[in-house]
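Below you'll find the structure, written out as structure tokens, and then a few comments.
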Amino acid sequence: MRVLVRNAEKLRDVPWRRRVDIVEGDIGSRDDVQAACDDVDVFYYLIHGMGQPGDFEESERRGAQNAARAAAENGVSRIVYLGGLHPQAEDLSKHLRSRKDVGDILLDSGVPTVALQAGVIIGSGSTSFEMIRHLTDVLPIMTAPKWVGNMIQPIAVRDVMHYLIRAADLPASVNRAVDIGGPDVLSYGDMMNGYAVEAGMRKRKIIRLPVLTPYLASQWVNLVTPIPRALAVPIIASLQHDCVMTNHDIDAIIPPPEGGLTGYRRSVKLALERLAAGDVETSWQNSSIARAPSDPLPSDPEWTGSKVYTDIRVRDCAAPAASLWAVIESIGGDNGWYSMPMAWGARGAIDKLMGGVGLRRGRANQQTLRSGEALDWWRVERLDKGRFLRLRAEMKVPGRAWLELSAESVTEHTSIYRQRAIFFPRGLAGRLYWLSVLPFHGLIFPGMSRRIVAAAERISNENQKPFIENA
Numbered sequence: 001m002r003v004l005v006r007n008a009e010k011l012r013d014v015p016w017r018r019r020v021d022i023v024e025g026d027i028g029s030r031d032d033v034q035a036a037c038d039d040v041d042v043f044y045y046l047i048h049g050m051g052q053p054g055d056f057e058e059s060e061r062r063g064a065q066n067a068a069r070a071a072a073e074n075g076v077s078r079i080v081y082l083g084g085l086h087p088q089a090e091d092l093s094k095h096l097r098s099r100k101d102v103g104d105i106l107l108d109s110g111v112p113t114v115a116l117q118a119g120v121i122i123g124s125g126s127t128s129f130e131m132i133r134h135l136t137d138v139l140p141i142m143t144a145p146k147w148v149g150n151m152i153q154p155i156a157v158r159d160v161m162h163y164l165i166r167a168a169d170l171p172a173s174v175n176r177a178v179d180i181g182g183p184d185v186l187s188y189g190d191m192m193n194g195y196a197v198e199a200g201m202r203k204r205k206i207i208r209l210p211v212l213t214p215y216l217a218s219q220w221v222n223l224v225t226p227i228p229r230a231l232a233v234p235i236i237a238s239l240q241h242d243c244v245m246t247n248h249d250i251d252a253i254i255p256p257p258e259g260g261l262t263g264y265r266r267s268v269k270l271a272l273e274r275l276a277a278g279d280v281e282t283s284w285q286n287s288s289i290a291r292a293p294s295d296p297l298p299s300d301p302e303w304t305g306s307k308v309y310t311d312i313r314v315r316d317c318a319a320p321a322a323s324l325w326a327v328i329e330s331i332g333g334d335n336g337w338y339s340m341p342m343a344w345g346a347r348g349a350i351d352k353l354m355g356g357v358g359l360r361r362g363r364a365n366q367q368t369l370r371s372g373e374a375l376d377w378w379r380v381e382r383l384d385k386g387r388f389l390r391l392r393a394e395m396k397v398p399g400r401a402w403l404e405l406s407a408e409s410v411t412e413h414t415s416i417y418r419q420r421a422i423f424f425p426r427g428l429a430g431r432l433y434w435l436s437v438l439p440f441h442g443l444i445f446p447g448m449s450r451r452i453v454a455a456a457e458r459i460s461n462e463n464q465k466p467f468i469e470n471a
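Each residue of the sequence shown is one higher than the one before, starting from 1 at the first, in the UniProt record's numbering.
In structure tokens form, the structure reads like this:
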């Protein structure tokens, strides 16, 4: 099994990393695509250039042409393409037109191809779904263009995966585009309020403004959500059309999943459960949302899972990585947090008054940690001994928060310390919370990184136990 990616490092921590052959390259390079297609039986084309610099329509066309040529020349037996639902109209938006054109190029390749045309995909990582989520989270009242009443047929990501996987076994006689969609046909406004109910919020009041053009609407989306303008503009333009299945031929080609297709509200609930479980990949190199094999790859940009605020500190350490790790693993509890203990204590007291766990849960062992155990108001979410520690906050905050600490060896006697605080806000309250604590972070986190490095250097120089921070 082989996968073509621009940056192989982004797949470093995915659980299936060792089960695939990773080719680093670009779909726009004919040679790279040729290398990826060598000795391949089924070619999955899951690439979308929207949001990239330049003319994404032209880059998508060029990539599809490279893929079609490489698949034919290498004897690939099947191409599976995931495109988008679109009406039978000549005035398609640039986004939908490009999706259709890519499918047409692959269908004309001479290699048996099935182009699965999906509506809004419901699951963490889907751009359209994340736009619904962010808009609903932030805005109790929403002004929207008249297209908020247009009809859409969303589909759960797990059902998309069902069709993608089964498509690999289709006979060579199948060479066509087919629509796929879930069981519900809803307006965009209904989708927003369906999300609100599943998220435990009141239904949003939606005021339609016929004068709100696609361009103005996309600027508004860019302002109140983390979705960048380059993506918001083509997505909003695509919502000018009803996007529903025009045929159900897929049922004769690939039977639906056992138990039936997943309804919209159920799809939203499953996506929210994954987010609430903190199933998040937050390595230093990649701030994307980690997902199960049935979800989008963790190479998605930052906005796909949530708005993300970070505070990053990196320091050189004149001590070996082992000494630095000893300090990292012993943090918290009686050892403290290496910066402004009174401020940490006050925040813990506030959390306790709010019904949270407070700071002083302590830790079971003052020197070593285990994955899953409590550490003050944190929970050890990931522990790579000697290298990396990720803590998930269990305090009362309007969002989700993590703290990552790592030690990287440079030479036998030197290392690099990395520290990152991550916050995924929930709604407007979460964004205001981050802004309110930002000045304190500017005091706490630099001192924390400085004193952790100093403690490691002290251990290395004096061969003593980790420094206990009491100042």
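The beta-carbon is built from N, C-alpha and C at its ideal position, and this holds for glycine as well.
From the DSSP output, in three-state form, read off residue i for me.
{"i": "residue 402", "result": "strand"}
{"i": "residue 456", "result": "helix"}
{"i": "residue 199", "result": "coil"}
{"i": "residue 130", "result": "helix"}
{"i": "residue 374", "result": "strand"}
{"i": "residue 186", "result": "strand"}
{"i": "residue 108", "result": "coil"}
{"i": "residue 338", "result": "coil"}
{"i": "residue 444", "result": "helix"}
{"i": "residue 436", "result": "helix"}
{"i": "residue 314", "result": "strand"}
{"i": "residue 173", "result": "coil"}
{"i": "residue 409", "result": "strand"}
{"i": "residue 300", "result": "Note that residue 300 has pLDDT 35, beneath the 50 cutoff, so the model's placement of it is unreliable and the number below is only indicative. Residue 300 falls in the coil class under three-state DSSP."}
Quick one: what's got a C-beta closer than 7 Å to residue i's C-beta in the same chain, skipping five residues either side?
{"i": "residue 239", "result": "147, 150 and 188"}
{"i": "residue 175", "result": "107, 112 and 113"}
{"i": "residue 440", "result": "343"}
{"i": "residue 8", "result": "22 and 24"}
State the start and end residues of the unbroken beta strand (DSSP E) segment that holds residue i.
{"i": "residue 392", "result": "388-393"}
{"i": "residue 381", "result": "378-384"}
{"i": "residue 415", "result": "415-425"}
{"i": "residue 142", "result": "141-144"}
{"i": "residue 473", "result": "Because residue 473 is not part of the residues shown, which for the chain are 1 to 471, the question remains open."}
{"i": "residue 254", "result": "No beta strand (DSSP E) contains residue 254, which DSSP labels as neither H nor E."}
{"i": "residue 243", "result": "Segment: none, residue 243 is in no beta strand (DSSP E) and carries neither H nor E."}
How is the alpha helix (DSSP H) around residue i delimited, first residue to last?
{"i": "residue 165", "result": "157-167"}
{"i": "residue 179", "result": "Where residue 179 is concerned, there is no enclosing alpha helix (DSSP H), although the beta strand (DSSP E) it sits in stretches over 176-180."}
{"i": "residue 206", "result": "Per DSSP, residue 206 belongs to no alpha helix (DSSP H); it is in the beta strand (DSSP E), 205-208."}
{"i": "residue 363", "result": "Premise fails: residue 363 is in no alpha helix (DSSP H) and is neither H nor E."}
{"i": "residue 327", "result": "321-329"}
Excluding the five sequence neighbours on either side, which residues of its own chain have a C-beta within less than 6 Å of the C-beta of residue i, listed in chain order?
{"i": "residue 244", "result": "151, 153 and 185"}
{"i": "residue 60", "result": "49, 98 and 102"}
{"i": "residue 317", "result": "324, 415, 417, 453 and 456"}
{"i": "residue 68", "result": "105, 106 and 109"}
{"i": "residue 362", "result": "333"}
{"i": "residue 116", "result": "82, 163 and 180"}
{"i": "residue 337", "result": "344"}
{"i": "residue 219", "result": "none"}
Inspect the beta-carbon positions of residue i and residue j and report whether they are closer than 8 Å.
{"i": "residue 442", "j": "residue 339", "result": "no"}
{"i": "residue 142", "j": "residue 78", "result": "no"}
{"i": "residue 320", "j": "residue 449", "result": "no"}
{"i": "residue 126", "j": "residue 80", "result": "no"}
{"i": "residue 395", "j": "residue 351", "result": "yes"}
{"i": "residue 381", "j": "residue 369", "result": "no"}
{"i": "residue 246", "j": "residue 159", "result": "no"}
{"i": "residue 309", "j": "residue 423", "result": "yes"}
{"i": "residue 44", "j": "residue 164", "result": "yes"}
{"i": "residue 209", "j": "residue 168", "result": "no"}
{"i": "residue 387", "j": "residue 374", "result": "no"}
{"i": "residue 478", "j": "residue 378", "result": "This structure cannot speak to residue 478, because the chain is shown only from 1 to 471."}
{"i": "residue 197", "j": "residue 428", "result": "no"}
{"i": "residue 20", "j": "residue 2", "result": "yes"}
{"i": "residue 86", "j": "residue 241", "result": "yes"}
{"i": "residue 426", "j": "residue 399", "result": "yes"}
{"i": "residue 28", "j": "residue 62", "result": "yes"}
Go through its chain and collect everything with a Cβ distance to residue i's Cβ below 8 Å, but skip five positions before and after it.
{"i": "residue 349", "result": "358 and 359"}
{"i": "residue 182", "result": "119, 122, 153, 154, 155, 156, 159, 261, 262, 263, 264 and 267"}
Report the residue ranges of all beta strand (DSSP E) runs contained in full by the UniProt domain "NAD(P)-binding" (2-90); include only those spanning at least 3 residues, in chain order. Qualifying beta strand (DSSP E) stretches, in chain order: 2-5, 21-24, 42-45 and 78-84.
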